[in-house]
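Novice: Here it is, the structure, as structure tokens.
This is the structure:
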């Protein structure tokens, strides 16, 4: 779908000729995220360099009648940043500056295109810490993190991206600039629109600037990996450690993932014993007593039969390698064309939920290999079904989609979420009502109407227009 | 304003005859909160005992055309729960049960009428901690805390009420029941309406049930009070301690408040020296090294001239008495008919902001005594102007209101908030645009329209209808 020549010219007038791209290569690059199920087909990519330019583009979209897809680091896994229908992609690649550091508030003002790792490094250089971290931190942009309320591997202690946003500057779908919350910790002056834009996947407007809070740097982090004889034991281990230590992470993964990761990366197994499941936990050892406490809990878990074997990282390198057992899973299984689900339930419901899902997948497709891993301390599970070598991709995806309905019925049965931290985008849109009631979705639509009455902002993401 | 007899009968049919009150005493009691500037004039008080009854009352309000004022512990300070115009007050006094405890999630399901202290005690009985705490915790109800996003004295570590709400069951102004977020830590399925209801002061609907997250119990809390020679020194003290310890509180108050509190309560001064300002700080001493660290920072602050004298609570009793220097201020100054403002700015802006406000009040009313105190670690300041004995109440309030405009112009100049943690209600309504832009307020109005198209939910609070 091509833009009218006059519209294209107007875009160039706003952002400058060199900041509008319509070549095939650019359209293919900026028209997709990490989901590869859709064919990118944007009509243009624009690269604004100020909030005024963003506002002008949004106003033009309303006047000229084109749709906008916001584009950050394009690392999304739900097609929230895919432009498959002639949309204009607004990229934040040139709005990538850290503009101000306010030491007293431990706050940093950034443009939406700042990369997560760039913010993490900036924090570190200033003796502080930006705690939201995940595998794609090297490419994902803060605007996208905010739009999806990104989570990751430290949520058990630090919470989601939402917790670290002090203020936002947004351009609404109507083209208004709003300064949301003005960077204060306490501000009880009516509805907090900041929290409405966080997680809205660009459907209400565009996040252009943000003020992020930083934390003190963690001290003396210790990493343990423990092997458990079954899944319920993982839960016991979580409860024992959490009762007595402040965990900064609690992840789990299965033996199959250890086999795949160690074969792929060449790193060593954590210990000789192979066990069905593994828990990786991390904590700050603020005193020797805390390290001793961790060892005591470990021994107690062994006595109870919840832990078969375990290891405490003895050096920074060893700790890093233990983390890689968890962090390299996604990359390792990528060649197996995994069918991914990112689901969550309350922690108490995890064991029964996993057992149900395993039974469903096992009954339907006994030849499929399933890799479970996830942020068990938050009730967030990544279910990855690996494609058998001999099976055609299309056939495999069709089979997975068929089982998906049963998976999401199980999510609904356990009052869970069809998307824990990846957003809805297009891939989860059909399943939204498994988590949100139909009545609730009508309220979502009405809110969209308030901020974006002409439907120019990322249409067809989260839900379809009424 | 009286309700039609048929409407009153309908209310009784919904909640039961004994759960509708129209006697003068009840109307006067349930028709106000702690603000005493308005004359209560509700037409009836109803006490539902189930979410279905709440829904039926809201639907009746839409059909019969009466307005609803939600009523919790009535400890609000902005007249958010005042019924001055013939509204029907919906009291949550009989929806006061803790219904479920989910240990694995450290989560507790409550009805909206549960009192803050009741939840705190329940948490303690289960070896856990509900960290939102403030002077009115003995009467305030969770529904009200959620409606105003209550803050208090532990925000520096634990954040506002918002951080502890895993899920909400609400009845919208249209009469729909919504289950918001379903109690999960991670749930990226579209706009998070939970955060819209938190802080909405009952203008979008009624919070009927909530699932609150609990934290581990704090360990070995240590309290220090330090005397500083001037206000900027308070900021230095904050920065030094915060850089090296995880503070659970950082409060400040002035010498005048120490004089008033010690005279009123008979507790001892913290130490002999009188200094213009005092900082109260609290931290968990998780090891002896941390206590030593605190002493080292204290000594360093003395060397730098930021601290003149100080004391570390040596027993639980002494710690409690140190806390009373801060916590008894409100009660102590109540007889002086204080004119209260609850304002906030970013922490970095606090010193200049305080100096500006002091200059304004000093220039306009040199005979007024000003008591400053507040949660300086969050940029939240309570400005209390005491009525001179000889002055008439009406005259005093008129003078304060006149100076208010200058105070709020200063808030605006520093990009601050006219209500940090008390909400807008009616008392701050006229000043809302000093913090929220006129354009933003139009979005707030439009959101209200989505949830409450007939304007039955707490009308005239936060903003007036368009």
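Chains as they are written, first to last, in the working numbering: chain A, 127 to 592; chain B, 127 to 592.
Glycine is no exception: its CB is placed at the ideal position from the N, C-alpha and C atoms.
1. With H, G and I counted as helix, E and B as strand and the rest as coil, what does DSSP make of residue 344/B?
2. What does a CB cutoff of less than 8 Å around residue 483/B pick up in its chain, not counting 5 residues either side in sequence?
3. Helix, strand or coil, according to DSSP, for residue 288/B in the structure here?
4. For residue 345/B, collect the residues of the same chain with a Cβ closer than 7 Å to its Cβ; drop the 5 residues on either side in sequence, then sort them by chain order.
5. In whole angstroms, what is the alpha-carbon distance linking residue 213/B and residue 299/B?
6. Counting only Cβ pairs nearer than 7 Å, list the residues of chain A close to residue 619/B.
7. Checking 9 Å against the spacing of the C-beta atoms, do residue 547/A and residue 278/A come in under that value?
8. Are residue 198/A and residue 293/A closer than 9 Å when you measure CB to CB?
9. Please tell me whether residue 361/A has its Cβ less than 9 Å away from any Cβ of chain B.
10. Since residue 406/A is in the beta strand (DSSP E), which residue starts that stretch and which ends it?
11. When burial is assigned at 16 or more other CB atoms within 10 Å of the CB, is residue 307/B buried or exposed?
12. From the DSSP output, in three-state form, read off residue 266/A for me.
13. In the structure shown, what three-state DSSP assignment does residue 138/A receive?
14. Run through chain B and tell me which residues come within less than 7 Å of residue 420/A, C-beta to C-beta.
15. Residues of the stretch 325-338 of chain A in Cβ contact with chain B at a cutoff of 7 Å, in chain order, please.
16. Against chain A, which members of the stretch 558-571 of chain B pass a CB distance test of less than 8 Å?
17. Quick check on this structure: which residue in 352/B, 158/B and 440/B has the alpha carbon closest to the alpha carbon of residue 169/B?
18. Under 8 Å: do the stretch 255-271 of chain B and the stretch 231-243 of chain B share three or more Cβ pairs, one atom per stretch?
19. Please report the straight-line C-alpha distance between residue 599/B and residue 591/B, rounded to a whole angstrom.
20. Within 10 angstroms of the Cβ of residue 191/A, are there 16 or more other Cβ atoms? Answer buried if so, exposed if not.
21. Counting only beta-carbon atoms, is residue 299/B nearer than 9 Å to chain A?
22. Using a Cβ-Cβ cutoff of less than 8 Å, which residues in the same chain neighbour residue 480/B once the five nearest sequence positions on both sides are dropped?
23. Under three-state DSSP, which class holds residue 596/B?
24. If we call anything under 9 Å between Cβ atoms a contact, is residue 468/B one with residue 545/B?
25. When the cut-off is 9 Å and only beta carbons count, does residue 429/A lie next to chain B?
26. List the whole-angstrom C-beta distance separating residue 317/B from residue 570/A, where the pair is believed to meet the contact cut-off of C-beta under 8 Å.
27. What number of angstroms, rounded off, separates the C-alpha of residue 373/A from the C-alpha of residue 348/A?
28. Which residue marks the beginning of the alpha helix (DSSP H) containing residue 361/A, and which one marks its end?
29. Do the stretch 130-138 of chain A and the stretch 182-189 of chain A touch if we need at least three Cβ pairs shorter than 8 Å?
30. Would you mind telling me which residues of chain A sit closer than 8 Å to residue 213/B, beta carbon to beta carbon, in chain order?
31. Smallest Cα separation from residue 363/B: which of 473/B, 315/B, 414/B and 340/B?
32. Determine the contact status of residue 310/A and residue 542/B, defining contact as a CB-CB distance below 9 Å.
33. How about residue 482/B: is its C-beta nearer than 9 Å to some C-beta of chain A?
34. At a Cβ cut of 8 Å, what residues of the stretch 536-557 of chain A count as close to chain B, listed as they run along the chain?
35. Which partner residues of residue 566/A appear in the DSSP bridge assignment?
36. Which residue or residues does DSSP assign as beta-bridge partners of residue 320/B?
Specialist: Concretely, from the data shown:
1. coil
2. 509, 533 and 536
3. helix
4. 410 and 412
5. 14 Å
6. Given that chain B is displayed from residue 127 to residue 592, the structure contains no residue 619/B and the question cannot be resolved.
7. yes
8. no
9. yes
10. 403-410
11. buried
12. coil
13. helix
14. Within 7 Å Cβ-Cβ: nothing; residue 420/A doesn't reach chain B, min ~14 Å.
15. 325 and 326
16. 558, 561, 562, 563, 565, 566, 567, 569 and 570
17. 158/B
18. yes
19. No answer is possible for residue 599/B: it lies beyond the span of chain B, which begins at 127 and ends at 592.
20. exposed
21. no
22. 357, 498 and 507
23. It is not possible to answer for residue 596/B, since the shown part of chain B is limited to 127 through 592.
24. yes
25. no
26. 5 Å
27. 10 Å
28. 357-370
29. yes
30. What residue 213/B touches in chain A: nothing, since even the nearest Cβ is about 20 Å away.
31. 473/B
32. yes
33. no
34. 541, 542, 543, 544, 545, 546, 547, 548, 549, 550 and 554
35. According to DSSP, residue 566/A bridges with nothing at all.
36. BP columns for residue 320/B are empty, so no partner.
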